[in-house]
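**Q** What the sequence shown shows, in the working numbering, is residues 253 to 1362, in sequence order.
My questions will all concern the structure given below.
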Amino acid sequence: MIQKSCPEQKENYSVQAMNQFVLILLAAIAVASTISEKPDFAVGRFYRAISADHLSEVLENAQRLARIINGASLEIGLTDGTIPSDSVVSEILHMGPVKPSEVINMDSAVLENEMSYLNDLPASLESSKKISDLDTRLILLEDMQEAYSFMKTFSDLPGKTEYSKSLDELKTIGTARNGLVQFKSTVTYLNTFLTGLKDIPEDANDQTILAEKPKFQFFEQNTLQETETKAKGLDPTLSKLRSPVVIPEQSKFVDILFSESELRTRLTTGMTYDDKHLKSVESNFHKVSDASKKLVNSLSYFKLIQALTKERKTLQKGTQIYTCGFPGGAVDVEKLTSDTNNEWIQKRIENGSIVCENLKKAFDPFKSFTEKLKQVNTAWAPLDDPSNQKSFESILSILLRVEEVSKNKDAASTTVDSLKKCDETVESYPGYSISNVEGTRKSMVSLNMKIREMRSLEYVDQLKDLGIFKADFDTTGKSDEAVIGMIREVSKKLKTDEKYKNLFNGVSRLLSELEDTIKIIDAIPTLVSQIDLNEVEAYHKKVNLPNYLGLYKCLSDIPGEASAVKRTIETVHALRNFSSNGENAIVSSILESRDFLKSSVGSLDKIKNIKTQESMALKRSFPNSKESSRKLGIAVQGLLNIRKIREFRENLKPLLEKVEEIQKAASGLELKDQDALKKLSGIKNSLNSLFSGIDSFLVELDGIRVKRGLSGDSGFRIFEKVFQSAGKVQGVQIDRKDMENVKEAMKNLNTAQQSQFAQSENALKVLEDLDLEFARFGFLDAVPVLKDVDKFFTDFLGSISASKLPSPTLRTPNSPTINSTEVNQETIAPGAGSPWYINWWLILIGVTLVFAIVGFVAWFCFCKKKKKDETAKLEEGRASPESKNAKNTQEVKNDATTPVPKEEEEELKTPLEPGPGTSEGKAPEAENPPPRDAAPTAPKEIKATAQPAGPANSGNERSLQKTQKTYNERMALLIHTLNVIVDFIERAFMPYDWINDQRIRFNAKERNYLIEWKRNFSDQKRTFHFYIIPEHMPRLIGFENSYIFATEFEFEGRKWITTQVWKKRVPALFQTYFYFLTHSYLHKRVDFLSLIGYFLRQDCFQKTFASERN
């Protein structure tokens, strides 16, 4: 027994030594491959930037990706004609609705002639003092025509009677003062008590808190009940305070008196009408009408230029369709070359240098396009000059006036005669002054302001029932320790609990409103006493003359469009004052750019005829490019918008921090302005929520890290978390009409308050320019696009490689060995560089390995010789399984030298159709190859029919099964086979995929499944053209990178692991092979390694390398 066990023990020692050597070798290779690769400095910078300004770093990389994808989409669309060249140029140059063809087709000669006519027109218009006075009179009469809407009730002065009644009621408002003063004292104590509780420090000792106990008990027993009682008894007082709210509206009758006085003052001088001057006025009308016909082309050109300049100035939101990845226009297009050279981009793409090099070639046609765009932008530089814009707007204004009055030429001439007749019906105009009423009106205005300043005291209703707070203050039967805990709890709630925070803020606000209301009540009696309605009544009687008021009725009966004469006369006056300082710079720049625009469109049209390998590969690799580009581009624009809002947040503070102050100061404004400014509260709350959302997004963004080596974070899907986080930010929708009303109210407020809130008004302009509607950016819609983007880069590389490489030729083992470097030579594009870099670490490791291998070989040979001698004695007298296996090995080697006829080798290049007799779920048996003259026999099929391991016993513990070889022989065969079949790599499938493909060929129902999983799981791969089904993907234990480029599956009742053959020029596969071996040795889960021979299917075979696992 001892003698028999010695060889086994020595063999175990040899195995252990071999294991240790393999582990050392693997570790060395892993270290060498890691440190010899170029360090990922771009990713390192990405990590460091996260702590400083992660958002800017993410934005830079996201913009690069969006530009590359948009470039690919543009080239595909331009090539197949689905994207119009005209639209692309319009979007990139930010032309809005203007199309390049419209600018290109502008006739400079026509424009020059019409501008010359416009410059001569002012001198042809008739002008004199009499004509000017007649113009003024006609305009005044039309103003009176519009005033009839309120003058028709002038004789009754509506609202005066109601106003007088409200003044009488207001005289008794002083009776409400006592009730307010008493209630104010209660609210003051309530506010003081709550403030004291809130200000108790969290670390206050028990003695300090216990000192508050008497106040606490008094508040519960007296203050709460007293507050409720007085609040309920305040209803009559509140009713009296709210009744005067209608007084400002009722007082408008006095405004009618002052409007009438202003118009009548301008009419006191009589007007003598003569036919000569009337004909001169009408002659001017006709000249303006004729000008509108002669300037029609210029007007259309100027409107076109106006739309172009407005669009470039404001950059309307959401107008891009095909160029969402180029929000910066031509500047972004120019960055395509640098984007493809970017190291970070290349690191996120498998074989990134190859892909980006070919993308750069694909984008070459855009270089000419970019140069043309630069010429257009240079020509359009004057468009941004404010002085040029002002000159252009003055010309456009004249043209628009001329166009407008041309529509009313006949109506204006007819209306002049009707106005003259109405004016002549008035015998005399009242000559009374309204100065006696001015004092009363001033007092009425002051009273209106005070009434508008009165507070609603709405929070009084909330104090009528405080039952929800009483339980927290009930100290009945409580010990001092319990009371201390209660006081601490209430103090904490005043800072954190919404219910208590609302109580505290409401009481504080109510106290301020009570103080202001009491002051207003004190001021009202004085103002009421200064209002003398008798003066108003006396003045009204003097001017309420039927003959004079009949003029308004006569004017209102004139048919036709209102103010037709006024607009025509104003146009004549504008033309008289018009003077052009030569050719306008903006118009000249537009005309100058026509040829450049035409060249820009032409350079894109040429792309339709480009049929390079790179261009064709783009179309094949990116079927949904247009939609993917749009969604990704818009989402990246959303990230840019987040940064913009973040940067302008400080500029909004002068508005948001003064909302309450603004609303308080606006109490003297008209009711519509007050209502408009009340909307600032809602805008403020919405913006605060937006800022909070952006802050949360930035916190989440700072926590996002790129996990290299994990399949879920491979490629550009790292942006998934960024877009998902950005999608949580809720935007703000501000109604355009509300914003206009707020702007108008702010303007009126600053006029009334001597520009006290000028900074707030400027902040409102900043707010208007921000894009707050985040829903349109579709962050979540961009998430699935990232998967398509990764697939595009992979498919693009495969398509490029397929177009450059010859069809792969399947070789038999007896063919001459081909150097693997030659086989894969075309997979690395010129200039891409080798993935291995020599450095001193590699040299040091190489020298160490040389000495280690030399020593190990010497030791191993010595141990091998001793082991063979001892094993020979044990095996004496019986047949040796090893000799049989050696014989089989020798047969394989002999077969390896057998050449394959050329015609058969050609047939192997294309998979054959399934032959008869095949069945579902089983690979077909190979047909015998045809006989060949003077050629050795074809290689035999070696089937994967390894025997299962039997139960352990004394016999099989010390002997090998007949189908097994010794450990060293298996390792020798393994290494030998590896070197032999390294050149026989079918690029199309992984080993399992090939087997599955053969099986599915004969099952029509499952054919679509094969295609589907190739498409759906294309991101589960390490190199192009190889696919792994996730449920068949084994994982390693004990490695940082747990991904193994292998497939685990069940075949003929056994579990198998298949791996791609070792390819020295593909580091990912190189490392995967050693990960697989290490997994096998470390965990002792692989019972034996064997070479699966040829999976024959007629004359087509695929070499695979596999291991069987129990």
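No residue lacks a Cβ here, since even glycine has one placed at the ideal position from N, Cα and C.
These figures come from a predicted structure and were not determined experimentally.
Near LYS624, which residues of its chain fall below 7 Å by C-beta distance, leaving aside the five closest residues on each side in sequence?
**A** Taking the first residue of the sequence shown as 1, we reach residue 624 at position 372. Cβ within range, chain order: PHE848, SER851, SER852 and SER855.
**Q** Go through the region 998 to 1055 residue by residue and report every complete run of the alpha helix (DSSP H) that reaches 4 residues or more, in order.
**A** Runs of the alpha helix (DSSP H) inside the region 998 to 1055: 1010 to 1021.
**Q** Report buried or exposed for LYS883, applying the criterion of at least 16 other Cβ atoms within 10 angstroms of its Cβ.
**A** In the sequence shown, the residue the question calls residue 883 occupies position 631. Label assigned to LYS883: buried.
**Q** Helix, strand or coil for LEU699 per DSSP?
**A** Locating residue 699 in the sequence shown gives position 447, where the first residue counts as 1. Correct three-state label for LEU699: helix.
**Q** Give the single residue among GLY691, PRO682, LEU803 and ASP717 whose Cα lies nearest to the Cα of LYS794.
**A** Sequence index remark: in the sequence shown, residue 794 carries index 542 (1-based). The option with the nearest alpha carbon to LYS794 is PRO682.
**Q** So ALA483 and VAL742 are supposed to be a Cβ contact under 8 Å. How far apart are they, rounded?
**A** The count along the sequence shown starts at 1 and reaches residue 483 at position 231. The count along the sequence shown starts at 1 and reaches residue 742 at position 490. Wrong, their Cβ atoms sit about 21 Å apart, outside the cutoff.
**Q** DSSP three-state call for LEU462: helix, strand or coil?
**A** Taking the first residue of the sequence shown as position 1, residue 462 is located at position 210. Helix, per DSSP.
**Q** Between LYS722, ILE821 and ILE647, which has its C-alpha nearest SER1363's C-alpha?
**A** Missing from the structure shown is residue 1363; the chain here goes from 253 to 1362 and no further.
**Q** Please tell me whether ILE425 and ILE773 are closer than 8 Å, where the distance is taken between their beta carbons.
**A** Indexing the sequence shown from 1 puts residue 425 at position 173. Indexing the sequence shown from 1 puts residue 773 at position 521. The answer is yes: Cβ separation under 8 Å.
**Q** Cα-Cα, which of LYS910, GLU1013, SER832 and THR1100 is closest to SER368?
**A** Taking the sequence shown and counting its residues from 1, one reaches residue 368 at position 116. Selected option, being the one with the closest Cα: SER832.
**Q** Under a three-way DSSP split, which group does ASP749 fall into?
**A** Counting from 1 along the sequence shown, the entry for residue 749 is found at position 497. Correct three-state label for ASP749: coil.
**Q** Reducing DSSP to helix, strand and coil, say where VAL951 ends up.
**A** The residue you call residue 951 lines up with position 699 of the sequence shown. VAL951: helix per DSSP, three-state reduction.
**Q** Check the C-beta distance from LYS694 over to ALA775 and give it rounded, since I have them as a contact under 8 Å.
**A** Stepping through the sequence shown from its first residue, residue 694 is reached at position 442. Stepping through the sequence shown from its first residue, residue 775 is reached at position 523. No, LYS694 and ALA775 are not in contact; Cβ-Cβ is about 15 Å, not under 8 Å.
**Q** For ALA734, count neighbouring C-beta atoms within 10 Å of its own C-beta (all shown protein chains included) and say buried if the count is 16 or more, exposed if not.
**A** The residue given as residue 734 occupies position 482 in the sequence shown. Flag for ALA734 reads exposed.
**Q** Quick check on DSSP: helix, strand or coil for ILE986?
**A** Position 734 of the sequence shown holds residue 986. Of the three classes helix, strand and coil, the one that applies to ILE986 here is coil, per DSSP.
**Q** Could you tell me if GLU879 is buried or exposed, where buried requires 16 or more neighbouring beta carbons within 10 angstroms of its beta carbon?
**A** By one-based count along the sequence shown, residue 879 stands at place 627. Result: exposed.
**Q** Which runs of the alpha helix (DSSP H) fall wholly inside the region 391 to 441 and span at least 4 residues, in chain order?
**A** 412 to 422, all fully within the region 391 to 441.
**Q** Could you name the residues of the same chain whose beta carbon sits closer than 6 Å to that of PHE1026, not counting the 5 residues immediately before and after it, in chain order?
**A** Within the sequence shown, residue 1026 is the residue found at index 774, counting from 1. Contacts found: VAL981 and GLY983.
**Q** Determine the direct distance from the alpha carbon of THR1046 to that of GLN865, and round the result to whole angstroms.
**A** Position 613 of the sequence shown, counted from the start, is the residue given in the question as residue 865. Position 794 of the sequence shown, counted from the start, is the residue given in the question as residue 1046. Each residue's alpha carbon lies about 16 Å from the other.
**Q** Count the other C-beta atoms from every protein chain shown that fall within 10 angstroms of the C-beta of ALA582, then say buried if there are 16 or more, exposed otherwise.
**A** As a position in the sequence shown, residue 582 is number 330, starting the count at 1. By the 10 Å Cβ count, ALA582 comes out buried.
**Q** Looking only at its chain, what residues have a beta carbon closer than 6 Å to the beta carbon of GLU972, apart from the 5 residues adjacent to it on each side?
**A** Working through the sequence shown from its first residue, we reach residue 972 at position 720. Answer for GLU972: VAL1035 and LEU1038, listed in chain order.
**Q** Cβ atoms of ALA928 and VAL994: under 8 Å apart, would you say?
**A** The count along the sequence shown starts at 1 and reaches residue 994 at position 742. The count along the sequence shown starts at 1 and reaches residue 928 at position 676. Taking 8 Å as the Cβ cut-off, VAL994 and ALA928 qualify as a contacting pair.
**Q** For GLU992, tell me which candidate among PHE1009, GLU1013 and VAL974 has the shortest Cα-Cα distance.
**A** The sequence position of residue 992 within the sequence shown is 740, counting from 1. The option with the nearest alpha carbon to GLU992 is GLU1013.
**Q** If LEU393 sits next to LEU785, beta carbons under 8 Å apart, how far is it from one beta carbon to the other, in whole angstroms?
**A** Taking the sequence shown and counting its residues from 1, the one referred to as residue 393 is at position 141. Taking the sequence shown and counting its residues from 1, the one referred to as residue 785 is at position 533. Rounded, the Cβ-Cβ distance is 32 Å, inconsistent with contact.
**Q** Determine the DSSP secondary structure at ILE739, reduced to helix, strand or coil.
**A** For the purposes of this step, residue 739 is taken as the residue at position 487 of the sequence shown. Helix at ILE739.
**Q** In whole angstroms, what is the alpha-carbon distance linking SER550 and VAL362?
**A** Mapped onto the sequence shown, residue 550 falls at position 298. Mapped onto the sequence shown, residue 362 falls at position 110. Computed Cα separation, rounded: 8 Å.
**Q** I believe LEU932 touches VAL911 by the beta-carbon criterion, under 8 Å. Please report the beta-carbon distance rounded to the nearest angstrom.
**A** Here residue 932 corresponds to residue number 680 of the sequence shown, with the count starting at 1. Here residue 911 corresponds to residue number 659 of the sequence shown, with the count starting at 1. At roughly 5 Å, the Cβ-Cβ gap stays under 8 Å, so LEU932 and VAL911 are in contact.
**Q** Consider the Cβ of LYS896: report whether some Cβ of chain B lies at a distance smaller than 8 Å.
**A** No chain B appears in this structure, which consists of one protein chain only.
**Q** By the three-class DSSP mapping on this structure, what secondary structure does PRO617 have?
**A** Walking along the sequence shown from the start, residue 617 turns up at place 365. Helix.
**Q** Within a Cβ cutoff of 7 Å, which residues of the same chain sit near LEU870, ignoring the five residues on either side of it in sequence?
**A** Numbered from its first residue, the sequence shown carries residue 870 at position 618. If we look at LEU870 and ignore the five residues flanking it on each side, its Cβ neighbours are ALA324, GLU327, ILE328, ALA614 and PHE1048.
**Q** Roughly how many angstroms separate the alpha carbons of LYS896 and ASP947, rounded to a whole number?
**A** On the sequence shown, position 644 is the one that residue 896 refers to. On the sequence shown, position 695 is the one that residue 947 refers to. Whole-angstrom Cα-Cα distance: 13 Å.
**Q** Report yes if the CB atom of SER339 is closer than 8 Å to the CB atom of LEU330, and no otherwise.
**A** Counting from one through the sequence shown, the residue named residue 339 turns up at place 87. Counting from one through the sequence shown, the residue named residue 330 turns up at place 78. In this structure, LEU330 does not lie closer than 8 Å to SER339 by Cβ.
**Q** Within the same chain, show all residues whose beta-carbon is closer than 7 Å to that of CYS806, passing over the 5 residues directly before and after it, in chain order.
**A** Taking the first residue of the sequence shown as 1, we reach residue 806 at position 554. So the list reads CYS674 and THR677, once near-sequence residues are dropped.
**Q** Is LEU1101 helix, strand or coil by DSSP?
**A** The residue you call residue 1101 lines up with position 849 of the sequence shown. It is helical.
**Q** Are the beta-carbon atoms of ASN322 and CYS576 separated by less than 8 Å?
**A** As a position in the sequence shown, residue 322 is number 70, starting the count at 1. As a position in the sequence shown, residue 576 is number 324, starting the count at 1. Contact: yes.
**Q** Taking ALA428 as the reference, give the member of ARG494, THR440 and ASP408 with the closest Cα.
**A** The sequence position of residue 428 within the sequence shown is 176, counting from 1. Among ARG494, THR440 and ASP408, the Cα nearest to that of ALA428 is on ARG494.
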